[in-house]
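Report on the structure given below.
There are 2 protein chains.
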Amino acid sequence: MGRPRAFDEEQAVRAAAELFAVRGYEGTSVDDLVTGLGVHRGSLYKVFGSKRGLYLAALRRHLDEEVLPLAAALREADGLGTLLAQAVAAFDGGPAAGLLLSAAVERAGSDPEVGALVGEGMAALDGAVEAVGGAGSGTSGVLAATVLGLRLRARAGLGGPSADAVLAFAGRVG
Amino acid sequence: MGRPRAFDEEQAVRAAAELFAVRGYEGTSVDDLVTGLGVHRGSLYKVFGSKRGLYLAALRRHLDEEVLPLAAALREADGLGTLLAQAVAAFDGGPAAGLLLSAAVERAGSDPEVGALVGEGMAALDGAVEAVGGAGSGTSGVLAATVLGLRLRARAGLGGPSADAVLAFAGRVG
DNA sequence: GATGTTTGAGAACGGTCGTTCTTGACCGAG
DNA sequence: CTCGGTCAAGAACGACCGTTCTCAAACATC
Chain Z
110 MGRPRAFDEE QAVRAAAELF AVRGYEGTSV DDLVTGLGVH RGSLYKVFGS
160 KRGLYLAALR RHLDEEVLPL AAALREADGL GTLLAQAVAA FDGGPAAGLL
210 LSAAVERAGS DPEVGALVGE GMAALDGAVE AVGGAGSGTS GVLAATVLGL
260 RLRARAGLGG PSADAVLAFA GRVG
Chain E
110 MGRPRAFDEE QAVRAAAELF AVRGYEGTSV DDLVTGLGVH RGSLYKVFGS
160 KRGLYLAALR RHLDEEVLPL AAALREADGL GTLLAQAVAA FDGGPAAGLL
210 LSAAVERAGS DPEVGALVGE GMAALDGAVE AVGGAGSGTS GVLAATVLGL
260 RLRARAGLGG PSADAVLAFA GRVG
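Protein sequence lines, in the order shown, are assigned to chains Z and E. Residue numbering for the first sequence is 110 to 283, as defined by our numbering. Residue numbering for the second sequence is 110 to 283, as defined by our numbering.
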């Protein structure tokens, strides 16, 4: 019953996540989304309710498909040094944690629902560091901050530390 | 000749920097600025040319009055651990580096002039870490990333690592 | 093939955006 | 006091914002 949907919802959410990650929430207009996703305005509002609804869906997907898997992979690192190097490599290869970073800075403070999702992503990174470095070492939050800080440098387009520098640093912390 | 200016330009720039730091560039409207600064629209455009011009002035002031002095102070630390602890203490006490962080995420990628200013601020932090930790150690960029990452956590309103945790971490890196 | 329901296409809504213009208040110089 | 120039006050501009509405096209069901 009814006309079949002509767009892939998951693919649309993924495209929205990329747009939001690059231009930010306020910097991405509904027109940008309609053009970039190839989804009609009406369909977008029918499915997601609002621009914010689409943003929350994109952030949710970003967590489920990128941040949490990354955190799970980092848990398998055989030391904090390897963990750091692995995280940086993930940042070089794509938009990993980009939307998480953008959301944390731009929206987490003013939108509680975004704040909860951001907190979930950060907690996952914390947990990975803690699992590798040893619980109670008290350093997990700091090193998780380092991970996001390195992501920030990569995003800002300014040359971040080289992989060698990261490894050298990693040698210091274990 | 002419009517004298009825507002303090430096104070206006400072107020603008706070607004931009909290709400971001796109999240701060000219109406917000007019209200928050107590400066008339016409005067704002007469003096700063545009919203972007005021933003650049605010970021410039943020660097000169907060980030660069902070970097200079960090240079005097007697070790990387003290440096980290000092940086975190500065974040707790105010908006230090807040606009730098916001600009790095929201604008540095799309506005080259903002990118240059952000790069200047980050280079100052790098230099401070390098001066304390020893040049060529290759860790300066990474630890500077940690500094901004900790600032990010504080901003997002999620409980960051405690001062004790930072000190414990600092013990590992020297 | 006719019916019923949902989609896609795009015009249109009021509101707000950044910016400019017009007008009158103000003050130093002559 | 008069004049010239700068400022403050606020209305007004076109453009764009997120959102809604109308209507024809496209299927599943009967």
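Where a beta carbon is used, it is the ideal one built from N, C-alpha and C, also for glycine.
Inter-stretch contact at 8 Å, needing at least 3 Cβ pairs: the stretch 195-210 of chain Z / the stretch 147-154 of chain Z
no
For the alpha helix (DSSP H) that glutamate 239(E) lies in, which residues bound it at each end?
221-242
Selection from Phe200(Z), Leu163(Z), Arg169(Z) that minimises the alpha carbon distance to leucine 183(Z):
Phe200(Z)
Would you check if the distance between the CB atom of tyrosine 154(E) and the CB atom of tyrosine 134(E) is smaller than 8 Å?
no
Can you check whether the CB of alanine 274(E) is closer than 8 Å to the CB of valine 50(Z)?
Examination of residue 50(Z) is not possible in this model, given that chain Z is present from 110 through 283 alone.
Do glutamate 118(Z) and valine 143(Z) have their CB atoms nearer than 8 Å?
no
Pick from Thr255(Z), Gly224(Z), Val223(Z): whose alpha carbon is nearest that of aspartate 235(Z)?
Thr255(Z)
Could you check the C-alpha separation between alanine 225(Z) and alanine 217(Z) for me, to the nearest Å?
8 Å
Selection of the stretch 119-147 of chain Z by Cβ proximity to chain E, strictly under 9 Å:
Val131, Arg132, Gly133, Tyr134, Glu135, Gly136
What in chain Z is Cβ-close to leucine 259(E), meaning under 8 Å?
Val251, Ala254, Gly258
Beta-carbon neighbours of leucine 210(E), restricted to chain Z and to distances below 8 Å
Val214, Leu261
Between arginine 161(Z) and chain E, is there a C-beta pair that is closer than 8 Å?
no
Against alanine 265(Z), what residues of chain E qualify as contacts under a CB-to-CB distance less than 8 Å, listed in chain order?
Ala213, Val214, Ala217, Gly218, Gly224, Val227, Gly228, Met231
Counting C-beta neighbours from all protein chains within 10 Å, is the total for proline 270(Z) 16 or more, i.e. buried, or is it exposed?
buried
Is the beta carbon of histidine 171(Z) within less than 7 Å of some heavy atom of the ligand ZN?
The ligand ZN is not part of the structure shown, which contains no ligands of any sort.
Mind listing the chain Z neighbours of valine 275(E)? Cutoff is C-beta to C-beta under 7 Å, in chain order.
Val251
Which of helix, strand or coil does DSSP assign to histidine 171(E)?
helix
Going along chain E in order, which residues have a C-beta closer than 9 Å to the C-beta of tyrosine 282(Z)?
It should be noted that the sequence gives valine, not tyrosine, for residue 282(Z). Simply Phe278, Arg281, Val282.
What's the call for valine 223(E), buried or exposed, on a 16-neighbour Cβ count within 10 Å?
buried
Taking the continuous alpha helix (DSSP H) assigned at valine 256(Z), which residues delimit it?
249-264
Buried/exposed call for valine 176(Z), threshold 16 Cβ in 10 Å:
buried
Whose Cβ in chain E lies nearer than 7 Å to the Cβ of threonine 248(Z)?
Ala274, Ala277, Phe278, Arg281
Determine the DSSP secondary structure at proline 270(E), reduced to helix, strand or coil.
coil
So that I know if they touch, is there some Cβ in chain Z lying closer than 8 Å to that of proline 270(E)?
yes
If arginine 170(E) sits next to arginine 123(E), beta carbons under 8 Å apart, how far is it from one beta carbon to the other, in whole angstroms?
7 Å
Between which two residues does the alpha helix (DSSP H) containing glycine 145(E) stretch?
139-146
Cβ-Cβ distance between alanine 213(E) and valine 227(Z) below 8 Å
no
By Cβ distance, which residues of its chain are closer than 6 Å to arginine 260(E), with the 5 residues on each side in sequence left out?
Phe200, Ala206, Leu210
Taking valine 197(Z) as the reference, give the member of Gly242(Z), Leu276(Z), Gln120(Z), Arg114(Z) with the closest Cα.
Leu276(Z)
For a quick check, are the C-beta atoms of valine 241(Z) and leucine 179(Z) less than 8 Å apart?
no
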